[in-house]
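Trainee: Quick one: the structure is below, questions incoming.
2 protein chains.
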Amino acid sequence: MQTIAPELAELAGLIADPGRAGILSRLMDGRAQTASELALVAGVTPQTASWHLARLAERALLKVERRGPRRFYRLATPLVAQMLEGMMTVAAIDPRPSRPPPRIGAEMRRARTCYDHLAGELGVAVTDAMRRHDHLNLDQEGGELTASGRAFLGDLGIDLHAPARSRRVLCRPCLDWSEQRLHLAGRAGAAIANLALQRDWIRRRPQGRSVEITAAGLVAFRDLFGARI
Amino acid sequence: MQTIAPELAELAGLIADPGRAGILSRLMDGRAQTASELALVAGVTPQTASWHLARLAERALLKVERRGPRRFYRLATPLVAQMLEGMMTVAAIDPRPSRPPPRIGAEMRRARTCYDHLAGELGVAVTDAMRRHDHLNLDQEGGELTASGRAFLGDLGIDLHAPARSRRVLCRPCLDWSEQRLHLAGRAGAAIANLALQRDWIRRRPQGRSVEITAAGLVAFRDLFGARI
DNA sequence: TGAACATTTCGATCATGATCGAAGCGTTAC
DNA sequence: GTAACGCTTCGATCATGATCGAAATGTTCA
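Sequence order for the protein chains is A and B. In this text, residue positions in the first sequence follow the working numbering: the first is 1186, and each later residue adds one. In this text, residue positions in the second sequence follow the working numbering: the first is 1186, and each later residue adds one.
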């Protein structure tokens, strides 16, 4: 009985190094980063990072893009991001009493992007607000926008019509590893995050995946969405 | 900026050993197995398997249950199973041309259980049939039973009312790693698999997660479900 | 063409952890 | 009690792979 276990072990081995895990974690925001930047994140020298990146790219967990003398790396597919999401969810739960709970930076816990949508306290608050206002039904099973939800997002200028050949899903629950709560993912979640970036409600911090909520953003999330944040 | 990367790496390290990956893969059917059985699966001596099992249980990926002199191990939570699902999906895709595609046993590919629901060709065929008959809508986003689907399963004797305190989801898509197609998971998927076992449409093989489709099962899946199998 | 810079390749070193034999522990049955 | 059995712990060995210095490659720009 051949199983997929050897491939599973090999894949896990690629994530099992702290440097590579840091690189993958850093790339979870969906953006591309240079090899040098990722070396810093991983806390290793450029030549070591290069070795790690080569292994990840060889296994097609990462895609590489050359721009001049630099090489930009990004997650190869959303499937990889989704896998990492699932692993982080389990990684965040460690019931060993001896173990201190993972120390997550306050900024990271407050607001970050998870591949392409909002996560952290902000992501959960926006999701909760949309549920309270009957814009959204969401549980572990899946999610759907209500008529009022579609109207709400439409009023904000979000076009929810999928590109013709995109099979991307509209609503999907994503288990937030820092909050241990569901937040909204899928095309709708990505559209909200994009809007927030465009309108300068949130700004990406140069380092890492966390985002800063601007003063205007605080007002917008509270008044427009009714988020308790 | 503290991230969850160290915990992620540690978690991945637990899965990164072929023996442990085999053990976890074997336990993906949700049942409990003895340490000796798992040593066989992992292809190591009992004392080595014991060491692996202790590490997995310590990190709460497995739960252990003593029955007399034996110890039965099972996956600790459905969250662990879901994480492994996601990893197997990625593990099954390895675009390196040098690499032969993972050799999955014919029995495994034909029919198996994935934690608690049907997978493999059988799982996909049943799911496809339910979609063709308008019993089910399913995409990556989520899924729902139609009125006719509820009636159909009700006629088969499946009670879909959730236990009061269960927050288990009704329909969920699960990406089949051997077929690269969606199949039905969640409470509905589990109910169908249970029914099939009860009515002797499928039988668990003593070794491994694959199941045998009985002659009666072939008739039932074709005539009752309309599955092309 | 040559200089500056980002990145990779090579080679040697070093640490981690997987393995199994032997022995110990715990439970059950007689 | 004691024998049988399943499983775990201990100890020593061995293999894999992470690391960095040094050097090479490749790209851009002048």
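Glycine included, every Cβ here is placed at the ideal spot set by N, Cα and C.
Quick check on the DSSP output: what are the complete beta strand (DSSP E) runs of length 3 or more inside the segment 1274–1329 of chain A, in order along the chain?
Mentor: Within the segment 1274–1329 of chain A, the complete beta strand (DSSP E) runs of at least 3 residues are 1297–1299, 1302–1304 and 1321–1324.
Trainee: Could you give the residue range of the beta strand (DSSP E) that holds E1257 (chain A)?
Mentor: Correcting the residue type first, residue 1257 (chain A) is Phe in the shown sequence and not Glu. Looking at the DSSP string, the run of the beta strand (DSSP E) that includes F1257 (chain A) is R1255 to L1260.
Trainee: Could you tell me how far apart the beta carbons of I1200 (chain B) and A1412 (chain A) are, in whole angstroms, since I believe they sit closer than 8 Å?
Mentor: So it is not a contact: roughly 37 Å between Cβ atoms.
Trainee: List the residues of chain B that L1225 (chain A) touches, going by C-beta distances under 8 Å, in chain order.
Mentor: Correct list: empty, because the minimum Cβ distance to chain B is about 11 Å.
Trainee: Classify S1395 (chain A) as helix, strand or coil using the three-state DSSP reduction.
Mentor: The answer is strand: DSSP assigns S1395 (chain A) an E or B state.
Trainee: Between the segment 1338–1348 of chain A and the segment 1290–1308 of chain A, can you find at least three pairs of beta-carbon atoms closer than 8 Å?
Mentor: The segment 1290–1308 of chain A vs the segment 1338–1348 of chain A: no contact.
Trainee: Mind pulling the chain B residues with CB within less than 9 Å of E1243 (chain A)?
Mentor: Here the neighbours are R1281.
Trainee: Can you grab the Cα-Cα spacing for the pair I1278 (chain B) / A1400 (chain A), in whole Å?
Mentor: One C-alpha to the other measures close to 44 Å.
Trainee: Which partner residues does V1249 (chain B) have in the DSSP bridge list?
Mentor: Beta-bridge pairing links V1249 (chain B) to B:Y1258.
Trainee: Could you spell out the range, first to last residue, of the beta strand (DSSP E) harbouring I1387 (chain B)?
Mentor: Looking at the DSSP string, the run of the beta strand (DSSP E) that includes I1387 (chain B) is I1387 to R1389.
Trainee: Relative to the C-alpha of R1216 (chain B), which candidate in B:W1236, B:S1235 and B:K1248 has its C-alpha closest?
Mentor: The option with the nearest alpha carbon to R1216 (chain B) is B:K1248.
Trainee: Is the Cβ-Cβ distance between A1227 (chain B) and G1204 (chain B) less than 8 Å?
Mentor: In this structure, G1204 (chain B) lies closer than 8 Å to A1227 (chain B) by Cβ.
Trainee: For S1210 (chain A), which residues in chain B fall below 8 Å Cβ to Cβ?
Mentor: Here the neighbours are T1188, I1189, A1190 and L1193.
Trainee: Go ahead and label R1297 (chain B) buried or exposed: buried means 16 or more other beta carbons lie within 10 angstroms of its beta carbon, across all protein chains shown.
Mentor: By the neighbour-count rule (16 or more Cβ atoms within 10 Å), R1297 (chain B) is buried.
Trainee: With distances taken from CA atoms, which of B:L1403, B:A1405 and B:C1359 is nearest A1266 (chain B)?
Mentor: Per the Cα distances, B:C1359.
Trainee: Let's test the definition: count the other Cβ atoms within 10 Å of the Cβ of R1394 (chain B) and tell me whether it reaches 16, buried, or not, exposed.
Mentor: Result: buried.
Trainee: Between the segment 1323–1349 of chain A and chain B, which residues of the former have a C-beta closer than 7 Å to a C-beta of the latter?
Mentor: Per Cβ criterion, the list reads D1324, Q1325, E1326, G1327 and G1328.
Trainee: Using a C-beta to C-beta distance shorter than 7 Å, which residues of chain A count as neighbours of V1275 (chain B)?
Mentor: Correct list: L1196, L1264, V1265 and M1268.
Trainee: If contact means a Cβ-Cβ distance below 7 Å, which residues of the segment 1369–1393 of chain B contact chain A?
Mentor: Answer set for the segment 1369–1393 of chain B: G1371, Q1392 and G1393.
Trainee: With three or more C-beta pairs closer than 8 Å as the rule, is the segment 1354–1372 of chain B touching the segment 1240–1259 of chain B?
Mentor: The segment 1240–1259 of chain B vs the segment 1354–1372 of chain B: no contact.
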